């Protein structure tokens, strides 16, 4: 099917289902709800980018120049079948057939009528639209509180950029190397010393001053005196919601008499733990670059943007919440945290990294020098150094933690070395990537002359202890089994993958099971796989036919069922005699490779101590073990007959 015909069918499939609509200029408009001018609807549809709107609730991955894909929000699925076309501004699900444009998406996804969908999109695109009320009159979308905040934002920005009153603040910003382009992009403003400037403006524009007090724009004394402004003599940074509406402000003092930073308190429209500074400005760059940079404050975001980091957002100095992490995760799973280099900044970076990881993100942390923040670093070292040394050289979370923990220990002392090794091993039990875990284990082995096998055994012991502590409610037998298999899944060396492949082959073909039984019998290295193999041998011995579905019904140990099911659904690929031989080789010889590694580490230690006799003896034993390793020459009996 051609690109055109696919999207044509998607659109007109929707048209045929919703028979009460007509199409004009590719806008779907219910006939019964044409009270909004068509040109206004068209303007909203054009400015509400479908990728941005759908991306607020669906994590989309770019699959081409204009195509995005994700999990369908209209039915449950594990494999993405939901496709969004940015150039055609349409969506289609290959699984359930859902289709339409940005307006129909809001209607269907949020289960709202046409007028409410238009109102939501109008707010997101900052387009004023008059909606018909139930009495036939019209009302403007949006609240007067937000309108007052928007007016304040324009007022502050105008004072900074265009008045003599704001010249001192303007010069201060330029002295801080904030470019005029940045001042305009982030709509930075100035709150004057006079404490009644904004209050008088709001009063003259007939805003309800009590409501403006609730918005934290001004304060009304209890003694009946005139209202006064909340912010004075400060650079003002507007804070937006995810749709680009100003909902609050941050103020940086221009003198030394006041608190350095003053932020809007929580209001009916502003909950600081639900928003990220600069989110709507960075959204496109985060999607394009497929990672976000998380800062602590708005000045860091502004400075980083001038240094070329267009994908930066900030938490406004608070701990990252799960909701904020989800906002980032909608755009990308990859996040680099760039916080202050002091102890508090490092602690916050680690805590927020854990929150992001809990929400499915892959996290790195920039190694900011002690007592510097990103703004300082950029101004002192320059944009190029910041990009190279901070963003591009960001460390994994475990590496960042290890560096921080090392500073607390004297590794020349045996007790501190032992504590450090045990701490690292415990941290590594939470690392999902086997490659990353193996890398750090090798680092420990080389640095402290400890065998890899000893480290893995100790890590497994620690892992079991942690699991028992965190999951004490689990039945002892179930806990033992799940601990073992979960740990093994997290640490999949070659033999582990080979054993899983052999188990899958055995489930689907009796002859493969016979070949495996003849070559290794029950000598699998993972206890759970050995148990599954034993049940498979019994299954075929009782005359049952091959097939994972039948075997899973037969499997009497329910703790093994999810393990066997996962193995049955994995992709193995073509099995040749050479592939089979390699699998058997890996399984048979894993214990020998472990022994060789132990002896190699012992040999290194002997050489370090100048014990030539022990080193020579170990070398001879290693050579003998290598000679005794099996060769990949066995051929499956049922394939041999055909050759």
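In the UniProt record's numbering, the protein residues as written are 1 to 643.
All C-beta atoms, glycine included, are put in the ideal place defined by N, C-alpha and C.
In this text the structure is predicted, and so the values were computed from the model without any measurement.
Straight-line CA distance for residue i to residue j?
i	j	result
residue 33	residue 109	Note that residue 33 has pLDDT 45, beneath the 50 cutoff, so the model's placement of it is unreliable and no number is given.
residue 627	residue 363	44 angstroms
residue 261	residue 197	20 angstroms
residue 75	residue 111	14 angstroms
residue 567	residue 465	27 angstroms
residue 102	residue 527	53 angstroms
residue 321	residue 240	17 angstroms
residue 89	residue 83	11 angstroms
residue 224	residue 206	19 angstroms
residue 619	residue 64	55 angstroms
residue 24	residue 332	Caution is warranted here: a pLDDT of 30 is assigned to residue 24, below 50, making its placement in the model unreliable, and the coordinate value is therefore given only provisionally. About 35 angstroms.
residue 288	residue 408	39 angstroms
residue 437	residue 431	6 angstroms
residue 29	residue 250	Legend: pLDDT at residue 29 = 40, less than 50; position of this residue unreliable, value from coordinates given subsequently. C-alpha separation (whole angstroms): 41 angstroms.
residue 414	residue 605	17 angstroms
residue 86	residue 104	15 angstroms
residue 458	residue 601	16 angstroms
residue 373	residue 252	16 angstroms
residue 115	residue 146	21 angstroms
residue 256	residue 297	20 angstroms
Any idea which residues DSSP pairs residue i with across the strands?
i	result
residue 508	Looking at the DSSP assignment, residue 508 forms no beta bridge with any residue, so it has no partner.
residue 93	82
residue 240	246
residue 334	362
residue 172	None; residue 172 has no bridge partner.
residue 251	236 and 262
residue 99	92
residue 218	229
residue 443	Beta-bridge pairing links residue 443 to no other residue.
residue 267	270
residue 62	68
residue 277	314
Let's see if you can read the secondary structure: which residues bound the alpha helix (DSSP H) around residue i?
i	result
residue 67	Segment 67–70 is the beta strand (DSSP E) holding residue 67; no alpha helix (DSSP H) there.
residue 104	102–110
residue 321	Careful: residue 321 lies outside any alpha helix (DSSP H) and carries neither H nor E.
residue 151	144–162
residue 415	414–428
residue 55	50–55
residue 449	Premise fails: residue 449 is in no alpha helix (DSSP H) and is neither H nor E.
residue 683	Nothing can be reported for residue 683: it is not among the residues displayed for the chain, which extend from 1 to 643.
residue 400	397–406
residue 302	298–306
residue 202	197–204
residue 524	Element bounds for residue 524: n/a, residue is neither H nor E.
residue 411	Careful: residue 411 lies outside any alpha helix (DSSP H) and carries neither H nor E.
residue 184	180–185
Are the Cβ atoms of residue i and residue j separated by less than 8 angstroms?
i	j	result
residue 182	residue 302	yes
residue 337	residue 366	yes
residue 295	residue 237	no
residue 70	residue 51	no
residue 195	residue 216	no
residue 325	residue 361	yes
residue 202	residue 233	no
residue 453	residue 598	yes
residue 291	residue 334	yes
residue 506	residue 533	yes
residue 368	residue 402	no
residue 107	residue 148	no
residue 47	residue 125	yes
residue 123	residue 245	yes
residue 551	residue 539	yes
residue 449	residue 608	yes
Going by DSSP, what residue range makes up the beta strand (DSSP E) through residue i?
i	result
residue 312	312–314
residue 543	Careful: residue 543 lies outside any beta strand (DSSP E) and carries neither H nor E.
residue 293	292–295
residue 190	189–191
Leaving out the 5 sequence neighbours to the left and right, which residues in its chain are closer than 7 angstroms to residue i when beta-carbon positions are compared?
i	result
residue 327	242, 276 and 279
residue 312	278, 282, 293, 295, 301, 304 and 305
residue 486	Residue placement at residue 486 is flagged as unreliable, the pLDDT there being 43, under the threshold of 50; the coordinate-derived value follows with that caveat. The answer is none, since no qualifying residue turns up.
Who are the near neighbours of residue i in its chain, counting only those whose CB is closer than 6 angstroms to its CB and skipping five residues on each side?
i	result
residue 170	160
residue 426	462
residue 623	none
residue 356	325, 335 and 363
residue 62	68
With a CB to CB cut of under 8 angstroms and the five nearest residues on each side skipped, what residues in its chain are close to residue i?
i	result
residue 266	272
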